[in-house]
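Taking my numbering, the leading residue of the sequence shown gets 337, the next gets one more, and so forth. Take a look at the structure below.
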Amino acid sequence: MNHTTTTLKALCMGLALAASITAPSFAQTKSGTSAQQRTEAHFRTVRTKPPELWAFLKDMPKGGDLHSHLSGAIYAESMIGWAAEDGLCVDTKSMALQKPPCDATPGLVAAKDAQVDGVLYRRMIDAWSMRNAQTSGLSGHDQFFDSFGKFGAANRNRSGDMLAEVAMRASGGHVSYLELMLTPGGSEVSKVAAKAGWNDDFSQMRTAMLEGGMPAAATAAVEELKHANARKAELLRCDTPQAAPGCAVSMRYLYQVLRGLPKEIVFAQMLAGFELASRADSQVVGLNLVMPEDALVPMRDFSLHMRLLDYLHSVYPKVQVTLHAGELAPGLVPPEGLRFHIRQSIEQGHAKRIGHGVAIMQEDDAVSLLKRMARDKIMVEICLTSNTGILGVSGAHHPLATYLKYGVPTALATDDEGVSRSEMTHEYVKAVQEQNISYRQLKTMARNSLQYAFVEGGALWKDVEQGRPVADCAGSRPGAAKASTRCERYLEQSPKAKLQWQLEDALVKFERRF
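Structure representation (structure tokens):
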């Protein structure tokens, strides 16, 4: 039995046990008190009791996770198992994986040795994650980003295994939808970029890349995603009576552009993302730019990258964009570098969502920007654990309260739950304990996570904050056992609205317990 199968069986058993322990007890309705009011009252009794708060929030339906890097979502323990299965070696000084043979270079040992050597196992986990980061001798920022180069080889050709792991973890935390960032077909796209080269005329460069193999690279990316999904389905036994809970988690993909690479590759990856998001068979619903925002190339070329997105948006106006912006803090970059990233991402990059947005108050005319984000419904993906570990920003220094004050939509997200040793329940707990978030605000964030998702179809809510459904479902109560014929027809035509209806149903059942 391989490592992935063993891990998934353990996860399945844990979920089954949790279900048997936390099965809802449907209390009778108390006269004059709504289910939400009773749930809020219970929440107030547990919010200062961490173990009980965790149990409450673990069971709370959370909607979607819109900001999750697949490469960073996997726990080190899984990757050690894959490295062992694949015969990889580990450098005992740097803790970085290397190709075999493992006896050819001093200091290399077989990764499988970690499965019998507890000290090596512990050191690999610490080097590949934020666990015990305070003893690493590095800043949280450097510990986090350096880890990817150490464990990256373990993830090669493991996309399906990775999808299975994140699906199971999402299911266990009552997360029903994932938008995962990854770069399928990356090597083929890089070849297209090398062949076409850079051209200051973006239109000519696009033509050269389309004529130089981009359609074939996009098709290869689609096939890579199909293969990964098939592997996930195999591991989780989907479409069988023994299907694992993770099979019920819906997934879509964001093409992640590596903005620290040479500019012709950045453009090629952007083009691949726009092309894939325009294909109905890809399950790619948008794109994002990744790699440390404070690094040399992302800082130097930030405005160039926004101009590239502005051009591609003019060619592919229907493709959705979410961007990392403002994942910065004073001192990490010069003050001038804090003043414009979020605004440019919206105005030139055409971002419908902003990832992190920590440096919002360092932006020029920040209040007008906040008002615009509220008016235009530019949602912010809030990554509390990540912001604490990488930027050292938490508590009152975090701008979540400011976003809420100005009415900017927000939703909680995990960012890199494996590297951060987190998951969605932990984000909800941090929101309560460090940001003083109420149950009603958490519920709105859960709804926002689907309202602003890029999954295809119209939304269930015309106004999610006010709880007003769209006209087709105006005569139905979201979450009710039966919708009107018109609303049912709308739900069948819209995967997004169907996910939202399912969330409402789950929330109704959750609140009946209190």
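The C-beta atom is built at its ideal place from N, Cα and C for all residues, glycine as well.
Asked, Found
"What residue does the alpha helix (DSSP H) around Gly522 start on, and which one ends it?", "522 to 532"
"Measuring alpha carbon to alpha carbon, tell me which residue in Asp700, Ala702, Ile726, Arg711 is nearest Leu664.", "Ile726"
"Starting from Tyr591, follow its DSSP beta bridges and name the residues at the other end.", "Leu518, Leu623"
"Three-state secondary structure (DSSP) at Ile714?", "coil"
"Less than 6 Å between C-beta atoms, sequence neighbours within five positions excluded: which residues of the same chain meet that for Ile718?", "Leu736, Thr746, Leu748"
"How about Ala842 and Ser507: are their beta carbons less than 9 Å apart?", "no"
"Leaving aside the five residues before and after Arg822 along the sequence, list all residues of the same chain whose C-beta is less than 7 Å from its C-beta, in chain order.", "Asp808"
"Under 9 Å between the Cβ atoms of Leu839 and Ala782?", "yes"
"Taking Cβ to Cβ, would you say Leu659 is nearer than 9 Å to Ser681?", "yes"
"Rounded to the nearest angstrom, what separates Ile773 and Thr780 at their Cα positions?", "11 Å"
"What does Ser404 pair with, by DSSP beta-bridge criteria?", "Leu516, Asp751"
"Do Phe646 and Gly685 have their C-beta atoms closer together than 9 Å?", "Here residue 646 is Asp; the residue named in the question, Phe, does not match the sequence. It is a contact, given that the beta carbons lie within the stated cut-off."
"Hey, Ala819 and Leu827: beta-carbon distance below 9 Å or not?", "yes"
"Please state the DSSP three-state secondary structure of Asn565.", "helix"
"Where does Lys741 land, buried or exposed, given buried means 16+ other C-beta within 10 angstroms?", "exposed"
"Among Arg595, Leu572, Asn624, which residue has its Cα nearest to the Cα of Val585?", "Leu572"
"How should Ala795 be labelled, buried or exposed, when 16 other C-beta atoms within 10 angstroms of its C-beta is the threshold for buried?", "buried"
"Which residues in the same chain have their Cβ closer than 7 Å to the Cβ of Val388, if we skip the five residues on either side of it in sequence?", "Position check: residue 388 holds Glu in this sequence, whereas Val was assumed. Cβ neighbours of Glu388 beyond the five flanking positions: Val382."
"What are the boundary residues of the beta strand (DSSP E) that includes Thr441?", "Neither: Thr441 is in no beta strand (DSSP E) and is coded neither H nor E."
"Whole angstroms is fine: what's the gap from Met550's alpha carbon to Leu607's?", "8 Å"
"Just grab the DSSP bridge partners of Asp799 for me.", "Arg804"
"Measuring CA to CA, which of Arg588, Pro598, Gly522, Leu590 is closest to Asn535?", "Pro598"
"Under 9 Å, do Asp701 and Ser404 count as touching if we go by C-beta distance?", "no"
"Helix, strand or coil, according to DSSP, for His378 in the structure here?", "helix"
"Does His510 pass the burial test, meaning 16 or more other C-beta atoms within 10 Å, or should it be called exposed?", "buried"
"Where does His857 fall in DSSP's three states?", "Shown here, the chain extends from 337 to 850; a query on residue 857 therefore has no answer."
"Output the boundary residues of the alpha helix (DSSP H) element that contains Asp497.", "495 to 508"
"Cβ of Val558 within 9 Å of Cβ of Arg615?", "yes"
"Less than 9 Å between the C-beta atoms of Ala490 and Leu424, yes or no?", "yes"
"Within the present structure, is the beta-carbon of Asp701 separated from the nearest heavy atom of the ligand ADP by less than 8 Å?", "Summarising the ligand content, the structure contains no ligands, and the ligand ADP is consequently not present."
"Based on the DSSP secondary-structure assignment, which residues constitute the bridge partners of Leu433?", "Val426"
"So for Ser361, helix, strand or coil by DSSP?", "Here Ser361 scores only 30 on pLDDT, less than 50, and its place in the model should not be relied on; the value that follows carries that caveat. Looking at Ser361 - three-state DSSP - the assignment turns out to be coil, as it is neither helix nor strand."
"Specify whether the region 444 to 463 and the region 408 to 418 touch according to this definition: at least 3 beta carbon pairs, one from each stretch, less than 8 Å apart.", "yes"
"In the DSSP assignment, find the alpha helix (DSSP H) that holds Gly922 and state where it starts and stops.", "Nothing in the structure corresponds to residue 922, since the chain is present only between 337 and 850."
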